[in-house]
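Numbering (the numbering used here), first residue to last: 416 to 1156.
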């Protein structure tokens, strides 16, 4: 009979796959879950292009060592490419049937997922990222990291959840499930059967040896022989080491007695040292207590010196302020003196002009008086002459009329005689002049006509003479009346001139008074401008100190918020946002100057938090803030979102709640309780430590030494010159003075 010995292959059958889930991998865009597989045989059929090859490729992607190292472009090639948004990651998840406990995990189903992206390639075991996964006890870890030894000596894999290892550990997990890297034929690709059928016998024998596991057996055999040789060498070294140890033991036995003596005297030495150290410790503690008392005394002196120094600084600042005011007053007085000097010179010039003008007027007045007297005399003479002439006229007018009548009678008689003579001559000559009666009548008519015309001419001449006489008389009366009127007008003009001169001097005096008043007001305005400039300079100095003590970002944020609100006011929009913004914390409360230091240390930068009514107000402000691209840093305290509970404060004379020393509007109670509600002001550092430990509250002294309820101690020297509350108070006062100016 022929006996055949069967060797169990080193690579058992792989674990059964229960589910396969694919998403974003190659042609599988959406998540695809394949129904549970049979533990025996499964056949996948489908039309061309339905994804059979990609499904097989997905399983190979998770299980095969062929895809253990992928470059970024290879990972991108595995992602789904199609219409619509680009897929940025993909995963393939395989759920194994672990009912036979092939995997060292206490579950009937174990999932292994591989996720890839443009910059990632990760494994997840049961929804958890793989750390240092599963290792064989008979094979060292390949990650070159220190692992603790497994608690079990079983031959299967053990979970070692220590630091993260490489993807080789995932391959070790798959190897425990039967997917060996040395036997990759648990996946038979297309064309592999044909290749095996046409391969030569030597290649098929090699393939059978790999499938049967003999190659691995030979490799392990060589490794074992090498390990035995190495062990033999180590054994010889161990024997040599044992000999050395035995020799060393004899030496140590001799040294043991010496060690006992040494320990005895060493114990005595340590006892003496302890006694000495204890005595030194007591002395040191006494010195420490003495130094502590001295430190407290020095602390009191230091506080007194700091107070004196602060008083001196305040006096120096006050003196500097007084000096600045005096300098401004001196400058104003110098300018006033120069102006008064200029006014004096101007007044001297005006006085000289007025004196000269007065002299001219006196001379002119004297000349006008003489001329008036002369004119009056001439007028009187003329009037006398006129009266004399009128008397002479009245005396001579009757004589003139009589003579005139005689003259007229003589002229009439002469004319009549002349006419008679002419008629006589005519009668004498008409006899020979006219040849007929008709010729004579014709000549007579002609003569009568010429005589009538001559008579009419004489009448007209007489009427013209009478009219000239009447006109002369009228002109005489008119000239006399006009003379009287001109004399009256002259008197009125003189009176008007005197009135205008009086008004001129009154207006000039009024102008001089107004000029003096204007100069006085100008000097007052100049003094006010200098005082205003000094106040602005002081305000700018305070702002610079506050900016240095606070930080540029916070103050820029405050300025930016003011710009946003001004923008809303200018546009006339978001009135509820303007009404819902209440300013920063520091501007909404007051306290005594003695509490400035502890309040500032407690609040810190929260002094510059912005109080708003609701979170909607802060959102609107921030949206416009970002839209206008403004600089700065802002933090809001929305009153509608603050949840503040009442705090039970300890009843003691050594501490008071800080919030009780603040004066603020009840509308902002939540904001101030949020910032200051859990802080106590204590008498000393010792009291602060006790109360902070007993009541879990933050405690602080007036000097700014703080004890947190968590136990942290902070404090030290605090420069009161940089007090932000003091600077803010001074700035507010200066702004009020500027606004009233």
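Ideal placement from N, C-alpha and C gives every residue a C-beta, glycine not left out. Remember, it's a predicted structure, so these values are computed and weren't measured experimentally.
Considering only the beta carbon of each residue, do residue 960 and residue 1142 sit closer than 7 Å? It is a contact, given that the beta carbons lie within the stated cut-off.
Just confirm the distance between the C-beta atoms of residue 384 and residue 942, as a whole number of angstroms; I'd bet it's less than 8 Å. Coverage of the chain is limited to positions 416 through 1156, which leaves residue 384 absent and any answer about it impossible.
Taking the alpha-carbon positions, what's the residue 924 to residue 912 distance? Whole-angstrom Cα-Cα distance: 18 Å.
Residue 640 classed as buried or exposed, judged by whether at least 16 other C-beta atoms fall within 10 angstroms: When all chains shown are included, residue 640 counts as exposed.
Length of the line joining the Cα atoms of residue 889 and residue 882: Each residue's CA atom was taken as its position, placing residue 889 and residue 882 some 10 Å apart.
Touch check for the region 970–985 and the region 1003–1017: three-plus C-beta pairs under 8 Å? Short answer: they don't touch.
So if DSSP puts residue 532 in a beta bridge, which residue, or which two residues, is it bridged to? In DSSP, residue 532 forms a bridge with 504.
Start-to-end residues for the alpha helix (DSSP H) that takes in residue 1013: Start and end: 1011–1018.
If residue 743 and residue 949 are in contact, beta carbons under 8 Å, what's the gap, nearest whole angstrom? Indeed they touch by this definition, with Cβ atoms about 6 Å apart.
Can you say whether residue 456 is buried or exposed, counting buried as having 16 or more other CB atoms within 10 angstroms of its CB? Within 10 angstroms of the beta-carbon of residue 456 lie fewer than 16 other beta-carbons, which makes it exposed.
Are the beta-carbon atoms belonging to residue 477 and residue 529 less than 7 Å from one another? In this structure, residue 529 lies closer than 7 Å to residue 477 by Cβ.
What distance in whole Å lies between the Cβ atoms of residue 592 and residue 511, which are believed to be in contact at a cut-off of 8 Å? 6 Å between Cβ atoms; contact.
Just to confirm, does residue 927 get its C-beta within under 6 Å of one of the non-hydrogen atoms of the ligand MN? The ligand content of the structure shown is nil, which means the ligand MN is not present either.
Starting from the N-terminal side, write out each stretch of the alpha helix (DSSP H) that is 4 residues or longer and does not extend beyond the region 932–1010. Runs of the alpha helix (DSSP H) inside the region 932–1010: 967–986 and 990–995.
Measure the C-alpha to C-alpha separation of residue 985 and residue 489 and round it to an integer number of angstroms. Spanning the two alpha carbons is a distance of roughly 60 Å.
Quickly, what does DSSP pair residue 448 with across the bridge? List them, please. Beta-bridge pairing links residue 448 to 436.
Between which two residues does the alpha helix (DSSP H) carrying residue 474 extend? First-last of the alpha helix (DSSP H) with residue 474: 467–478.
Give the DSSP-derived three-state secondary structure of residue 544 in the structure shown. Three-state result, residue 544: strand.
Within a Cβ cutoff of 8 Å, which residues of the same chain sit near residue 673, ignoring the five residues on either side of it in sequence? A distance below 8 Å between beta-carbons, with the five flanking residues on each side excluded, links residue 673 to no residue of its chain.
If you draw a straight line from the alpha carbon of residue 884 to that of residue 869, how long is it in whole angstroms? Answer to the nearest angstrom: the Cα atoms are 23 Å apart.
By DSSP, does residue 1173 sit in helix, in strand, or in coil? Examination of residue 1173 is not possible in this model, given that the chain is present from 416 through 1156 alone.
So, with DSSP's three-state summary, where would you put residue 594? Residue state, collapsed to three classes: coil.
Is it true that the CB of residue 1077 sits closer than 7 Å to the CB of residue 1095? Their beta carbons are not under 7 Å apart, which means residue 1095 does not touch residue 1077 by this criterion.
In chain order, what are the residue ranges of uninterrupted beta strand (DSSP E) at least 3 long that sit wholly in the region 813–870? You should have found no qualifying run.
According to DSSP, simplified to helix, strand and coil, what is residue 653? Look at residue 653 here: in three-state DSSP terms it is helix.
In the DSSP assignment, find the unbroken alpha helix (DSSP H) run with residue 1032 in it and report its ends. Bounds of the alpha helix (DSSP H) holding residue 1032 are 1030–1042.
Classify residue 1114 as buried or exposed, calling it buried when 16 or more other Cβ atoms lie within 10 Å of its own Cβ. Buried: at least 16 other Cβ atoms inside 10 Å.
Between 430, 586 and 527, which has its C-alpha nearest residue 484's C-alpha? That would be 586, whose Cα lies nearest to the Cα of residue 484.
So the beta strand (DSSP E) residue 1159 belongs to, where does it begin and stop? Nothing in the structure corresponds to residue 1159, since the chain is present only between 416 and 1156.
Helix or strand or just coil, what does DSSP make of residue 690? Residue 690 falls in the helix class under three-state DSSP.
Suppose contacts are defined by Cβ-Cβ distances below 7 Å. Is residue 493 in contact with residue 502 by that definition? No; because the gap between Cβ atoms is not below 7 Å, this pair is not in contact.
For residue 995 and residue 1034, which I take to be in contact (beta-carbon distance under 8 Å), what is that distance rounded to the nearest angstrom? The pair is not a contact, with the Cβ atoms about 11 Å apart (cut-off 8 Å).
Applying the 10 Å Cβ sphere with the 16-neighbour rule, what's the burial state of residue 899? The residue is exposed, with fewer than 16 neighbouring Cβ atoms inside 10 Å.
If we count the other Cβ atoms within 10 Å of its Cβ and call it buried at 16 or more, is residue 765 buried or exposed? By the 10 Å Cβ count, residue 765 comes out exposed.
Judging by CA-CA distance, which residue of 604, 543 and 541 is the nearest neighbour of residue 481? With distances taken between Cα atoms, residue 481 lies closest to 604.
Could you name the residues that DSSP lists as bridge partners for residue 1121? DSSP output for residue 1121 lists 1115 and 1129 as bridge partner(s).
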